[in-house]
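*Asks:*
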Amino acid sequence: METQDILKKVRHIEIKTRGLSRQVFAGQYHSAFKGKGMTFSEVREYQYGDAIRDVDWNVTARFNHPYVKVFEEERELTVMLLIDISGSKDFGTDLVFKREFIAELAAVLSFSAIQNNDKIGVILFSSKVEKFIPPQKGRKHILRIISELLRFEPTEKGTNISNALEYFTGMIKKRSTAFLISDFIDRSFDNALMIANKKHDVAALRIFDPGERTMPPMGLVDFTDPETGEMKTIDTSSRKNRMLYMNWWKALESYQTETFRKTGVDAVNLATDEDYVQPLVKFFKKRSM
């Protein structure tokens, strides 16, 4: 993509996502994530209307009566975007590639953050951490983030979510809200995710293209793995081959679902061929309960 094209794309994303952040997400973002960036103050008895997530279960069990933790809101929150830019992000069967879809999501979250006077930082990763953009505020900073997402070319194509999470946990000392944005085509990242979520407030945004779910019968097709470069010719008209692919995809989704459940990380699935506004609003509202 040429520089002029990137600038036009950045501007287009800014216009669209600033409006969404202001009109749709600002309030939901504040209630769903702002409250996580607080310092502990005291424990008091539960009152009607208190959030269930604030219940102190240890104190409640000790006194056989519900108690909640009381927090003092910090003046600003650090929001981190951990963004997967591996080879699979250049896949797309509809009108948009996953990479462009992710850039737009990142912009929405970034503008929501600065509207709440929060800092926003980014970790771009593949099979290694490719780039770290320290948390800052301001429109200029967000435009840089969008531009990097559209034009940055990773030096590696694979995916290692554990490595990115370990880097994040070691780099960001202050408790923050983190959005892990990926298609999660990876394994064995559950321990790193659990550790990160204990130190920070992690939410997972799983991006997928509808064309990834099934293998259509198109005869002999040459496939190239975008992350390994491996090439294979597969007979897609074979029912056995289509079933093998479907079972692989289902196993991957099962691992992802179980990992998010086990680690206590809230997750939302976002399809590139659908509007992400309603799923995100619903996701934010759920976290606010």
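Each step along the sequence shown adds one to the number in UniProt numbering, with nothing skipped, and position 232 is 232. Glycine is no exception: its CB is placed at the ideal position from the N, C-alpha and C atoms.
#1: Who are the Cβ neighbours of E42 in its own chain at under 6 Å, not counting the five residues just before and after it?
#2: Considering only residues of the same chain and omitting the five flanking positions on each side of I234, which have a CB-CB separation below 7 Å?
#3: Are the stretch 125 to 136 and the stretch 52 to 71 touching by the rule of at least three beta carbon pairs closer than 8 Å?
#4: Between which two residues does the beta strand (DSSP E) carrying N269 extend?
#5: Can you check whether the CB of L280 is closer than 8 Å to the CB of R206?
#6: Given that a residue counts as buried once 16 or more other Cβ atoms are within 10 Å of its Cβ, and exposed if not, what is D209?
#7: Please return the same chain residues whose Cβ sits closer than 8 Å to the Cβ of G158, not counting the five positions on each side in sequence.
#8: Just tell me which of L193, T155, I145 has its CA closest to the CA of Y167.
#9: Can you say whether R18 is buried or exposed, counting buried as having 16 or more other CB atoms within 10 angstroms of its CB?
#10: CB V55 to CB T272, shorter than 8 Å?
#11: Would DSSP call D222 helix, strand or coil?
#12: Given that a residue counts as buried once 16 or more other Cβ atoms are within 10 Å of its Cβ, and exposed if not, what is T259?
#13: Taking the alpha carbon of D190 as the reference point, which residue from S237, I114, S254 has its own alpha carbon closest?
#14: CA-CA distance, H12 and H141?
#15: Where does K98 fall in DSSP's three states?
#16: Within the continuous alpha helix (DSSP H) that includes R175, where are the two ends?
#17: I114: which of E104, E130, M215, E76 sits nearest, CA to CA?
#18: Are there 16 or more other CB atoms within 10 angstroms of the CB of F283, so buried, or fewer, so exposed?
#19: Alpha carbon to alpha carbon, how far is K262 from Y67? Give it in angstroms, no decimals.
#20: For L124, name the three-state secondary structure that DSSP assigns.
#21: Would you mind reading off the limits of the alpha helix (DSSP H) that contains M194?
#22: Excluding the 5 residues preceding and the 5 following D84 in the sequence, name in chain order all residues of the same chain whose CB lies nearer than 7 Å to its CB.
#23: Going by the CB atoms, is the gap between G121 and T169 shorter than 8 Å?
#24: At which residues does the alpha helix (DSSP H) containing P279 begin and terminate?
*Replies:* The relevant details are as follows:
#1: So the list reads V70, once near-sequence residues are dropped.
#2: So the list reads V221, F223, N241, once near-sequence residues are dropped.
#3: Touching, no, given that fewer than three Cβ pairs across the two stretches are closer than 8 Å.
#4: Looking at the DSSP string, the run of the beta strand (DSSP E) that includes N269 is 266 to 271.
#5: No, the Cβ-Cβ distance between R206 and L280 is not below 8 Å.
#6: Of the residues assessed, D209 falls on the buried side of the cut-off, its CB having 16 or more other CB atoms within 10 angstroms.
#7: Exclusion of the five residues before and after G158 leaves S86, G87, S126, S127, E227, T228 as the residues of its chain whose Cβ lies within less than 8 Å of its Cβ.
#8: Check the Cα spacing between Y167 and each of L193, T155, I145: the tightest is with L193.
#9: Result: buried.
#10: Annotated as distal: V55 and T272, with beta-carbon spacing of 8 Å or more.
#11: In this structure, D222 counts as strand in the three-state DSSP scheme.
#12: T259 should be labelled buried.
#13: If you compare the alpha carbons of S237, I114, S254 with that of D190, the shortest gap goes to S254.
#14: When rounded, the distance between both Cα atoms is 16 Å.
#15: K98: helix per DSSP, three-state reduction.
#16: Segment: none, R175 is in no alpha helix (DSSP H) and carries neither H nor E.
#17: It is E76.
#18: Buried, because 16 or more other Cβ atoms sit within 10 Å of the Cβ of F283.
#19: Approximately 25 Å between the Cα atoms of the pair.
#20: Note: L124 maps to strand in three-state DSSP.
#21: That run of the alpha helix (DSSP H) goes 190 to 199.
#22: Here the set comprises F125, T159, I181, S182, D183.
#23: At least 8 Å separates the beta-carbon of T169 from that of G121.
#24: Residues 277 to 288.
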